[in-house]
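Numbering (our numbering), first residue to last: 19 to 724.
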């Protein structure tokens, strides 16, 4: 701890020195506030980032492309001629930064404002006339596959198709609702397709007006903040600029007060994206929302949904927040491009659900199972709970109950405390290096377990998936490098192997600039994680020893789907004392592979992964109502098949430990939540296969560290 404080102090001194030298260069009369923010942010990144990009023509081109994409992600405002005019700045942004100029931004912003005003005048005309929903035409729904319109007539045509698509979606939903209503009652008056089309157009007109009102609230400074964010994000996706208001939202998210549903949100490319799900929250307990999902609409109970596309993040958050016990309906775009309505009841985070919990599996052997949603710790020093201590206690309970092996479940565990990872690894080894952490131009610091006490020396399996990130990846990598256990799960883990630090830029300019404050904050990637074998966990994540089919396995996910992620690399390995398992690893892994290939449920999951890949690739959608509904019905049938898959899984014989029953039965709420959790665990095919793998491992019990 003392070493980390020294490093932080030295970092602070460097930053103070950096901005002290800056203060001598320019006076406030020479700068606008925008220019000051840009220069302070860029100097901070150049001095402190783990691997800063050289500010040159290549950097300029990246910022240019990213900023224009984020200004007009759907290509519904700029014309190709506008892009041609702006292209002369493509390799000039680096020069502008060096000269503290924002000419490119001013030009791009001016063109955008003009186009916004033009488009605003014609969308209502397009919605004044009925759409022919029987006409054979189509629309490309992947913005990355579209081009800028060549002229205003072409832009109007793109808007016509986009508005027709929105009407089509609503009409299709109306047809379904009418069909259900008529099945329940013979007094329901049937509406014609023409009547439904007119009703849908009226609703799309209102939602489009609301969307333009949202965009109109974004002023010049909001778009300049987007420009700064683009400069930061080309360094890596986790280096970010936060205007003062956005920093407040970030603080709310990090404190755990998470909008009533338990999802951390980020605004990117005009979309409200879910970045993580909080353990113990309504979203976590429901299970349908995933990191990477985009919230498209928000509705309060049965009220009409509000489109949050292009809405300010703080305004969208106000819609998602609400009183405990109230209903919110979220229309979300899934990673594969499909749409789903998720209804949640707002609630507080249930702390009990965020802690480590243990259960016993009996499949002929007694196998302990520990569920760990996150690497929590008491950062305030107030005597709160720590995950390493909790896992230690669960291990001791399992040993007392006669467990012959342990499965530690890190699926959907987004990480947390680094110190807790080191301590937790120490429960499974006598001592040794756990992870290397490297700063820029510095030798790596090796975090070691120095406690020779061994809490658990039996067979170990770690379950991971594509949402196992950061601290989860460090533990999985260490277990794998020591051959301490077997890692099972998705093709790879998330791949976030970096550490960030937040800086308030107000602290780094003197009183001369007081009139320009607040400047905002910058979050900078400062460190990188490396395994004891020398490889980074960044980008590649951890590849399990046993790969189990997963619905997301064919889709680009995690750090790999981000723009400009830091690359994978490796440094010198650290000498460690490997464990020598009594089982033959290759035999255990091959046995599992054969079982998986012969299991019908896993075959269906692999089929589902292939279907999701097809859906994400096939982004052209018919605007003919019959063909559209035919495709939607096919998707519904496929989804139903996979939704019913769980019912076909044989139940796992899993139960609470007897030592925990008094606590569980002391409260009806605890009892209800425990009943639901056990119901889910009994049908978890991944836990079932982990139990089979443990059975193979136990044929020759015991491991030793040499």
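Ideal placement from N, C-alpha and C gives every residue a C-beta, glycine not left out.
Closest Cα partner of residue i within the set the options
| i | options | result |
| --- | --- | --- |
| residue 324 | 95, 223, 460, 555 | 223 |
| residue 208 | 328, 115, 192 | 192 |
| residue 518 | 51, 83, 455 | 455 |
| residue 537 | 546, 548, 530, 523 | 523 |
| residue 666 | 73, 619, 317, 510 | 619 |
| residue 184 | 197, 509, 159, 199 | 159 |
| residue 463 | 469, 472, 451, 471 | 451 |
| residue 318 | 306, 300, 337, 328 | 337 |
| residue 132 | 652, 100, 143 | 100 |
| residue 589 | 576, 113, 606, 547 | 547 |
| residue 294 | 260, 280, 478, 607 | 280 |
| residue 92 | 64, 134, 117 | 134 |
| residue 306 | 341, 606, 351 | 351 |
| residue 109 | 77, 397, 573 | 77 |
| residue 152 | 654, 643, 621 | 643 |
| residue 559 | 613, 572, 513 | 513 |
| residue 288 | 672, 303, 240 | 240 |
| residue 116 | 56, 149, 145 | 56 |
| residue 652 | 572, 356, 370, 432 | 356 |
| residue 238 | 460, 579, 51 | 51 |
| residue 363 | 346, 376, 373 | 346 |
| residue 84 | 286, 148, 227, 54 | 286 |
| residue 408 | 88, 146, 392, 186 | 392 |
| residue 332 | 54, 631, 235, 127 | 235 |
| residue 638 | 146, 608, 412, 156 | 156 |
| residue 510 | 534, 557, 467 | 557 |
| residue 469 | 494, 443, 479 | 443 |
| residue 701 | 678, 685, 661, 683 | 661 |
Integer-rounded CB distance, given that residue j should sit under 8 Å from residue i
| i | j | result |
| --- | --- | --- |
| residue 97 | residue 169 | 6 Å |
| residue 107 | residue 95 | Actually they do not touch by this definition, with Cβ atoms about 18 Å apart. |
| residue 482 | residue 429 | 6 Å |
| residue 681 | residue 599 | The pair is not a contact, with the Cβ atoms about 35 Å apart (cut-off 8 Å). |
| residue 584 | residue 543 | 7 Å |
| residue 705 | residue 425 | 7 Å |
| residue 570 | residue 484 | 5 Å |
| residue 68 | residue 389 | With 8 Å as the limit, residue 68 and residue 389 do not qualify as a contact, their Cβ atoms being about 33 Å apart. |
| residue 434 | residue 395 | 7 Å |
The beta strand (DSSP E) enclosing residue i, as first and last residue numbers
| i | result |
| --- | --- |
| residue 599 | 597-599 |
| residue 670 | Looking at the DSSP string, residue 670 is not in any beta strand (DSSP E), and its letter there is neither H nor E. |
| residue 789 | For the chain, the structure presents residues 19 to 724; residue 789 sits outside this window and is missing. |
| residue 429 | That residue, residue 429, is in no beta strand (DSSP E); it is neither H nor E in DSSP. |
| residue 113 | Run containing residue 113: none in the beta strand (DSSP E); it sits in the alpha helix (DSSP H), 111-116. |
| residue 467 | 463-467 |
| residue 682 | Note, residue 682: premise wrong, no beta strand (DSSP E); alpha helix (DSSP H) at 679-682. |
Assigned secondary structure, residue i (DSSP; H/G/I helix, E/B strand, else coil)
| i | result |
| --- | --- |
| residue 643 | helix |
| residue 576 | helix |
| residue 473 | coil |
| residue 452 | strand |
| residue 270 | Its pLDDT being 44, under 50, residue 270 is placed unreliably in this model, and the value from its coordinates should be taken loosely. DSSP places residue 270 in helix when its eight states are reduced to three. |
| residue 103 | helix |
| residue 190 | helix |
| residue 727 | Since the displayed the chain opens at 19 and closes at 724, residue 727 lies outside it and no answer follows. |
| residue 252 | coil |
| residue 238 | helix |
| residue 42 | Confidence at residue 42 is low in this model, with a pLDDT of 37, below 50, so the placement of that residue should be treated as unreliable; the coordinate-derived value is given next. In this structure, residue 42 counts as coil in the three-state DSSP scheme. |
| residue 592 | coil |
| residue 62 | helix |
| residue 519 | strand |
| residue 259 | strand |
| residue 71 | coil |
| residue 367 | coil |
Where the alpha helix (DSSP H) through residue i begins and ends
| i | result |
| --- | --- |
| residue 691 | 686-700 |
| residue 715 | 703-715 |
| residue 634 | 618-635 |
| residue 782 | Outside the displayed span of the chain (19 to 724) sits residue 782, for which this structure offers no information. |
| residue 50 | Careful: residue 50 lies outside any alpha helix (DSSP H) and carries neither H nor E. |
| residue 497 | 489-499 |
is_contact[residue i, chain B] using C-beta, thresh 8 Å
| i | result |
| --- | --- |
| residue 307 | Included in the structure is just one protein chain, with no chain B present. |
The ligand PLP heavy atom lying under 7 Å from the CB of residue i
| i | result |
| --- | --- |
| residue 291 | The model on display carries no ligand, and the ligand PLP is accordingly not part of it. |
Segments assigned alpha helix (DSSP H), at least 4 residues, entirely inside the segment 291-363 | 300-304, 331-338
Going along the chain, which unbroken runs of the alpha helix (DSSP H) with 4 or more residues stay wholly within the segment 369-420?
-> 369-372, 405-418
Hey, which unbroken runs of the alpha helix (DSSP H) at 4 residues or more fall wholly within the segment 150-223?
-> 170-202
May I have a chain-ordered list of the beta strand (DSSP E) segments no shorter than 3 residues that lie completely inside the segment 526-564?
-> 539-548
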